[in-house]
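K.L.:
Just remember that this note's numbering sits 64 ahead of the position in the sequence shown, which is counted from 1.
All C-beta atoms in this analysis are idealised placements derived from N, C-alpha and C, irrespective of residue type, glycine included.
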Amino acid sequence: MDKIAAEAARLLFADGGAGWIVAVLLGLACLHLYRDGLRVLEARITETGATAAALERASQTNAAVAAALESRTRVLEDLVRLTGETAGAVARSDERARERFEDLLRRIGELQHRPNL
Numbered sequence: 065m066d067k068i069a070a071e072a073a074r075l076l077f078a079d080g081g082a083g084w085i086v087a088v089l090l091g092l093a094c095l096h097l098y099r100d101g102l103r104v105l106e107a108r109i110t111e112t113g114a115t116a117a118a119l120e121r122a123s124q125t126n127a128a129v130a131a132a133l134e135s136r137t138r139v140l141e142d143l144v145r146l147t148g149e150t151a152g153a154v155a156r157s158d159e160r161a162r163e164r165f166e167d168l169l170r171r172i173g174e175l176q177h178r179p180n181l
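In structure tokens form, the structure reads like this:
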């Protein structure tokens, strides 16, 4: 490590001080890259905040959709139950009507077989 530092110092002072110019230019380039890196990081932080806000809105929307779907499911379950009850009532009504119709036919048949007075 000491050898590298000594060689760097020797190159810095070699050729009439031209190494100082290179060192200053490299320092300015590093400063520019550092500032550019900060701008990029700030942009990423801002972008991350916007993404977090969008995700939160999407989450709220998904929760609202889930609640609406749950409500719709309950309504459909109620409709299925009512449809089943209605179908049962219709079947019972049909059975009663059929029994009454058969009773009427039986009575008409009895009247037809009765001798005329």
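#1: Taking only the alpha-carbon atoms, compute the straight-line gap between L146 and S135 and give it to the nearest angstrom.
#2: Under three-state DSSP, which class holds R178?
#3: Between the C-alpha atoms of C94 and V88, what's the straight-line distance to the nearest angstrom?
P.N.:
In this structure, then:
#1: 17 Å
#2: coil
#3: 10 Å
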